[in-house]
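To start, the structure under review is shown below, and the notes come after it.
Protein chains in written order, with UniProt numbering: chain E, 1 to 545; chain S, 1 to 343.
Next comes the structure, spelled out in structure tokens:
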């Protein structure tokens, strides 16, 4: 009966492996920080106020699109104080706020690109305070919103159209004539793919005499739209990184599984969950995003989120089982049902987030303007799901903390009884405990690193950056690539170090020259098939002593 | 306010634009054309139009900020309208320069965001790439960068000399542009998994121009008197000269004249005939500064406050749509007005 590679590996090799993995880790951070650009780009667009000349154009005319640039562009006004408005008696129903993007730069017509992956737009309203036309409390704006797109010089194709209500979250301190309200941004739309080259957004704010719609929203002067999309450079780096990591993890996973297959017994729970973790990571690494460059796949970002969710839930399940299997008490676990309490917390949390995700991004596939947060019931529902997920996470962490404390208590208790062992065996067991603690520390280190880098990237994102001043590292990109790489390194090292050791099965091989050799033979060879790790046998031994 | 480019005063703006073209020296023009502008006068005029309306926007804000001050930002002190007529170097001039430079930058940025200019900058050259390939790789710089660059080109080129006054004006122009930067609003959007903040994108949004005006008014109140020594500005109060002047501060060379009295050579029109207000104390909309305006403008200048009843016509009982007013009536209203008059 053999232990795992970690127990049989010599110090030299363990340190060498750690250093190599650490270098890989630093490499991942540097790829993001030095090569990739900042992960997102924001286009700030101010609406052009197009005039729909047909005053009573009827229903049919409402389907016409208006664009500010290029052939067939609309007639526009700069402000609503323009004489044209008064002379032609232009009303609110004839005004179309049009955004055509990307806007030209450096004399070139820029194009949106498939590398941009997805697009998120938020709206900012510029509303003037007028004493005789103030904004009512809890004002809601009702917009007939349309998105159209085209590639090359083709006609505009309508992608989405919807009547959308948005709360105007505006405040005004001193009520002075012609001052502007301080309005918060409102979510507008999210597109899961950037398949076309040019995009056009048309917003109408219709009013009718016989309905309260859009009365009392103040004097809307301008509308800003901020379009966020991933940068092409970041996408490239990301894709290439995934493509490189994928075969490595796949390879180590196959190697790991073959090792388990070579065992004379059935794999135990810890081995199975570790293999599942590798499987989940390989699924996450699978670079199917390349397909977005050839096809229009709006559900890709939903799929990515789901894949990420699966990986993190398996990771959390793994931690619980890892702790449970190293409890060093006499309790026999090794079955998934023994962990139902802990795992149900993980599953509940994941289901909550999954439903939430489907409610938000799933519905967005049908209506890009949809957001769960814009309606009151939606907000409550969303918050309920997130609260539930939060509670599940708390329960999970309490369980984990409890188990962690138990492991350490048991370990301390056991290590005192080690004094009665012979010196070589004691050295061996102490080494085992140390290496277990070492891995535990690596986990904590990874988690801490994630948190720290998350905080740094958040701060750097919110910080004042002007041009090239000072900043030579893209923290946000480094956070993404670094954390992604880190969990890959983590799972990789787990699979390497926790694979069953060959040392007893095949006594030949270079590693047999190690100082550990005689120690291996000291491992108590208990015959129960269920015991796999020497650590567990230590537990038994110690209780006997 | 800023988007009046094509409104009722179109003709007037056009004149300003032409004036603008004339006062920029030919060599600067040629150089700038090569560097920034597309060939042909049309594109250049597009800028000039925005620049002119931006400068006017600055002036309007200046008038608003100094509505109840003894000096109330009269047109003829504004560099764009009175170039070369007389040169002042007081605090007020510093404000005018700063706010017009800021207005130009602000308007250019807005118009760039609207897609008005085909050659808005894309100088996000962090990775050494420019233009098209950079756009695909890492996106473009903020439109504010473009506004700042063109504002610098246009407004600073008005200062042809190399004397202390020119240095002061250029410093104040720069302080104005910095005011726009400093008042930019940071806005963030969370868009990570399930809308969490694991992914957060932030950007800087143009503020309300009033914020820029308020910022500069504060800087005006704390403006620093400087001496120009070998083309460098030194704080006049500190003889050691160790204290260098911050780039955000407004600076001036001469003390202001007494703006109570009309002194055309000093650029003061006096306060005779100026309007002031006496709001009721209960009136929450008024500030202390406003309530004391009659004392400041009239009484303390040795003038008396004259009360008059004036009839004003205004549109009223309108039904307002969100954009435009429809169906208004004309109302006549008697209002009280206070003006400063000679005793």
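Just so it is clear, CB atoms sit at the ideal spot from N, CA and C, and this is done for glycine as well.
DSSP places residue 376 (chain E) in the uninterrupted alpha helix (DSSP H) bounded by 376-417.
In this structure residue 100 (chain S) touches residue 55 (chain S) by the C-beta definition: roughly 5 angstroms separates them, less than 8 angstroms. At a cut-off of 8 angstroms, the C-beta of residue 80 (chain E) has a neighbouring C-beta in chain S.
In its chain, beyond the 5 residues on either side, 105, 177 have a beta carbon closer than 6 angstroms to the beta carbon of residue 148 (chain S). The beta carbon of residue 235 (chain S) sits closer than 7 angstroms to the beta carbons of 224, 226, 243, 245 from its chain, once the five residues preceding and following it are set aside; these are given in chain order. In terms of beta-carbon proximity, residue 320 (chain S) lines the interface with chain E, with at least one pair separated by less than 8 angstroms. Not a single C-beta of chain S is nearer than 8 angstroms to the C-beta of residue 164 (chain E). Residue-level contact check: residue 115 (chain E) touches chain S, since one or more beta carbons of chain S fall below 8 angstroms from its beta carbon. Here residue 359 (chain E) has 372 as same chain residues with Cβ atoms under 6 angstroms from its own Cβ, once five neighbours each way along the sequence are excluded. When DSSP states are grouped into helix, strand and coil, residue 221 (chain S) belongs to the helix group.
When only Cα atoms are considered, residue 144 (chain E) and residue 109 (chain E) end up about 28 angstroms apart. Distance from the Cα of residue 171 (chain S) is smallest, within the candidate group S:62, S:108, S:320, S:232, for S:232.
Per DSSP, residue 247 (chain S) lies in no alpha helix (DSSP H) segment and is marked neither H nor E.
Straight through space, the alpha carbons of residue 115 (chain E) and residue 150 (chain S) are spaced by roughly 31 angstroms. The alpha helix (DSSP H) runs lying completely inside the stretch 307-376 of chain E and spanning 4 residues or more are 340-357, 363-366, given in chain order. Membership of residue 340 (chain S) in any alpha helix (DSSP H) is not indicated; the residue belongs instead to the beta strand (DSSP E) covering 329-341.
Listed by position along chain S, the residues whose Cβ is nearer than 8 angstroms to that of residue 271 (chain E) form an empty set, because the closest Cβ is around 29 angstroms away. Here residue 273 (chain S) is not near residue 260 (chain S), since their CB atoms are 8 angstroms or more apart. Note on geometry: alpha-carbon atoms of residue 317 (chain S) and residue 295 (chain E) lie some 57 angstroms from one another. Taking C-beta separations shorter than 8 angstroms and ignoring five residues to either side along the sequence, the partners of residue 252 (chain E) in its chain run 278, 492, 495, 496, following chain order. Judged by DSSP secondary structure, residue 321 (chain S) falls outside any alpha helix (DSSP H); it is assigned neither H nor E.
The straight-line gap separating the alpha-carbon atoms of residue 340 (chain E) and residue 487 (chain E) is approximately 25 angstroms. Look at the stretch 100-121 of chain S: the residues with a C-beta under 7 angstroms from a C-beta of chain E are 110, 113, 114, 115, 118, 119, 120, 121.
In the structure shown, residue 287 (chain S) falls within a coil segment according to DSSP collapsed to helix, strand and coil. Residue contact with chain S for residue 41 (chain E): present (Cβ-Cβ distance below 8 angstroms to some residue of chain S). For residue 17 (chain E), the uninterrupted alpha helix (DSSP H) segment begins and ends at 11-30. Of all alpha-carbon atoms in S:185, S:211, S:196, the one lying nearest the alpha-carbon of residue 202 (chain S) is that of S:185. The contact set of residue 208 (chain S) on chain E, defined by CB atoms closer than 7 angstroms, consists of 180 in chain order.
Only 133, 141 from the stretch 133-148 of chain E bring a Cβ to less than 9 angstroms from some Cβ of chain S. Any Cβ of chain E closer than 8 angstroms to the Cβ of residue 137 (chain S) would place that residue at the interface, and such an atom is present. Taking 3 residues as the minimum length, the beta strand (DSSP E) runs contained wholly in the stretch 207-248 of chain E are 219-230, in order along the chain. Looking only at E:418, E:443, E:151, the smallest Cα-Cα distance to residue 433 (chain E) is reached by E:418. Residue 377 (chain E) and residue 502 (chain E) have their alpha carbons spaced roughly 59 angstroms apart.
Each of E:306, E:81, E:232 was checked against the Cα of residue 290 (chain E), and the nearest Cα belongs to E:232. Inter-residue distance for residue 7 (chain E) and residue 200 (chain S) is about 42 angstroms (C-alpha atoms, whole angstroms).
For a cut-off of 8 angstroms, the C-beta gap from residue 369 (chain E) to residue 227 (chain E) is around 14 angstroms, too long to register as a contact.
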